[in-house]
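Residue numbers (the working numbering): 17 to 563. Before any comments, here is the structure.
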Ligand code: ME8
């Protein structure tokens, strides 16, 4: 099986997880499940980024040691992922001994390549970002991420000769159009490489100023700068660059990040890899920010969306669906409870839930609760099958390109067409007229398209998809499918099980995979409609009128 390796960021432990962290990790999980369903041997990893000034400062504020704070917050991140049905194959902690060894070995390689030198540097340092900013990068003298005035710091440090790789990196980005996507971030990365010489990268902090870090192998008075530490987590998760797993997975590696950490991933990391003589990652996917009340979530603004409570409000699968459908990957999106409820009612309760409810109750009534055998198609079925193939092909294509919202929109074209087909073919009228051959054909066509829809939704809504497949009598739909998914990801990559029960291969072209005679659920209530303030008010008004 072709390998596929995806990384979500490893998150800082200075604050608890919020919706933004949940989003990236859920997207990573969804992409991995999609890859697996497409026949790849896929896994994703995440972890926590635990060293550096930021953590030391947060720990001091909380009256804890950095180690205590890191242990506590890292555990909170780790515990969150299964609650969101996100199943990383590995969870890397940068304060662990395996990671320390990987970072030190990498530093040695870059040092041996002659790309590390000792020098003095003074500059504007933002503690929040853990990096120096050039005057040009500041906005009105403030850090563009944190809107705080950076501190001027001057000290002797080690530097990575990043400038030496500027042209090579630029050429690589130009020669490989898919290296950074969407396009706007590729252009942004290219513009970082335009106009003058790229600064070299300061990669150390003197121990007199910071002790909470990995000691440089060539100077014990210094610890490693956080990005040279953090990015190597992507190697640690594979057992380091000398492991067999690295050899297998690294050439197929893809990274997933938000735009705040574009530069470290698009510029620092590939130049570091070039210096160490290692292959570059294959692709970098960059998404925008979730905003809350029109601002980036932050503790100080007080607009942080807690992921778990929000996920539970309408069910985890609805939450995952919302996140993928609402944000156009690459652009910012606004989060609100109202938008979540509106999408839930419109897309899930009305369109998808209603389809399952009406078709299964008709099959219970007229087909004895079993998948009926279809007779010859009419033009309506032929047209519907063409629409289904087109929608599914679009879905798969968009999904593979990380265009999740477009993918789901394409799938909903099919869901809405299926509801229209129910209305137009009116099986109740066919049954009343005794035309059971047409009833069977119409219901089989619907059930088969519903199976395809449920299967395609598996990466996004693993729980509801399994339930839908079980309601359609698909063998192994509920237990088999779900078990295979979790068995593959919770164990180590080397021992992962075989391919999942269903796959997307052949689903666009082939029609009729739903076995005739399979037992169907007598009823379905997948997404009960929820009352909103507006719908309750409308009902109350209607009630008053009737009275
Ligand atoms: O940057 N909207 O960690 P971090 C969408 N440790 N995504 C968001 C978001 C928002 N409002 N806020 C955060 C770090 N994220 C480094 C990474 S990787 C080797 C080291 C997500 O805790 C998004 O994925 O600040 C973003 O890139 C990441 O959290 C930043 O997490």
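Cβ atoms here follow ideal geometry from the backbone N, Cα and C, with glycine treated the same way.
Identity of the residue in the options nearest residue i by Cα
| i | options | result |
| --- | --- | --- |
| residue 195 | 282, 246, 389 | 282 |
| residue 219 | 376, 168, 133 | 133 |
| residue 374 | 352, 469, 416, 439 | 439 |
| residue 399 | 155, 539, 458 | 458 |
| residue 432 | 462, 330, 409, 417 | 462 |
| residue 545 | 165, 330, 535 | 330 |
| residue 486 | 309, 22, 530 | 530 |
| residue 455 | 416, 475, 390 | 390 |
| residue 29 | 40, 87, 58 | 87 |
| residue 68 | 339, 191, 49, 239 | 239 |
| residue 434 | 414, 205, 469 | 469 |
| residue 371 | 402, 74, 539 | 539 |
| residue 471 | 412, 441, 444 | 412 |
| residue 383 | 303, 534, 306, 235 | 534 |
| residue 336 | 18, 41, 17, 20 | 41 |
| residue 378 | 112, 443, 89 | 443 |
| residue 178 | 208, 151, 191 | 208 |
| residue 424 | 151, 75, 340 | 340 |
| residue 309 | 155, 143, 350, 227 | 350 |
Inter-residue spacing [alpha-carbon to alpha-carbon] between residue i and residue j
| i | j | result |
| --- | --- | --- |
| residue 146 | residue 110 | 16 Å |
| residue 542 | residue 318 | 34 Å |
| residue 183 | residue 525 | 45 Å |
| residue 27 | residue 103 | 16 Å |
| residue 376 | residue 460 | 11 Å |
| residue 237 | residue 81 | 21 Å |
| residue 298 | residue 268 | 6 Å |
| residue 23 | residue 446 | 53 Å |
| residue 276 | residue 187 | 23 Å |
| residue 357 | residue 369 | 14 Å |
| residue 290 | residue 233 | 20 Å |
| residue 190 | residue 214 | 17 Å |
| residue 511 | residue 414 | Confidence is the limiting factor: at residue 511 the pLDDT is only 32, short of 50, which leaves the residue's position unreliable, though a coordinate-based value still follows. Distance between the alpha carbons of residue 511 and residue 414: 31 Å. |
| residue 477 | residue 334 | 7 Å |
| residue 403 | residue 441 | 16 Å |
| residue 449 | residue 429 | 30 Å |
| residue 36 | residue 361 | 24 Å |
| residue 258 | residue 243 | 21 Å |
Residue i, enclosing beta strand (DSSP E) - first and last residue
| i | result |
| --- | --- |
| residue 22 | 19–28 |
| residue 442 | Unbroken run through residue 442: none, as it is neither H nor E. |
| residue 351 | 349–351 |
| residue 377 | Where residue 377 is concerned, there is no enclosing beta strand (DSSP E), although the alpha helix (DSSP H) it sits in stretches over 370–382. |
| residue 300 | 299–303 |
| residue 328 | Element bounds for residue 328: not the beta strand (DSSP E) but the alpha helix (DSSP H), 323–329. |
| residue 284 | Neither: residue 284 is in no beta strand (DSSP E) and is coded neither H nor E. |
| residue 222 | 220–222 |
8 Å Cβ cutoff, residue i in contact with chain D
| i | result |
| --- | --- |
| residue 236 | Although the question refers to chain D, the structure presented lacks it and comprises just one protein chain. |
Extent of the continuous alpha helix (DSSP H) to which residue i belongs
| i | result |
| --- | --- |
| residue 306 | Note, residue 306: premise wrong, no alpha helix (DSSP H); beta strand (DSSP E) at 306–308. |
| residue 411 | 395–416 |
| residue 465 | 452–472 |
| residue 269 | That residue, residue 269, is in no alpha helix (DSSP H); its beta strand (DSSP E) goes 269–274. |
| residue 250 | 249–252 |
| residue 234 | From DSSP, residue 234 is part of no alpha helix (DSSP H); its letter is neither H nor E. |
| residue 262 | 260–265 |
| residue 107 | From DSSP, residue 107 is part of no alpha helix (DSSP H) but of the beta strand (DSSP E) over 106–109. |
Legend entry - contact_flag[the region 105–123, the region 242–258] where n(CB pairs < 8 Å) is 3 or more: The region 105–123 is in contact with the region 242–258.
Inset, instruction - Report yes or no: do three or more beta-carbon pairs, one from the region 94–108 and one from the region 60–69, lie closer than 8 Å? - result: Flag = yes, the region 94–108 and the region 60–69 touch.
Inset, instruction - For the region 121–205, list the alpha helix (DSSP H) runs that are entirely contained and at least 4 residues long, ordered along the chain. - result: The alpha helix (DSSP H) runs lying completely inside the region 121–205 and spanning 4 residues or more are 182–191, given in chain order.
Legend entry - Runs of beta strand (DSSP E) wholly within the region 30–64 (minimum 3 residues, chain order): Runs of the beta strand (DSSP E) inside the region 30–64: none found.
Legend entry - Meets three-Cβ-pair contact criterion under 8 Å: the region 47–61 and the region 124–142: Contact fails: fewer than three Cβ-Cβ distances are below 8 Å.
Legend entry - Around the ligand MG, Cβ to any heavy atom closer than 6 Å, ordered along the chain: Among the ligands in the structure shown, the ligand MG does not appear; only the ligand ME8 can be found there.
Inset, instruction - Please determine if the region 343–350 and the region 405–422 are in contact, where contact requires at least 3 C-beta pairs separated by less than 8 Å. - result: Proximity of the region 343–350 to the region 405–422 meets the contact definition, three or more beta-carbon pairs being nearer than 8 Å.
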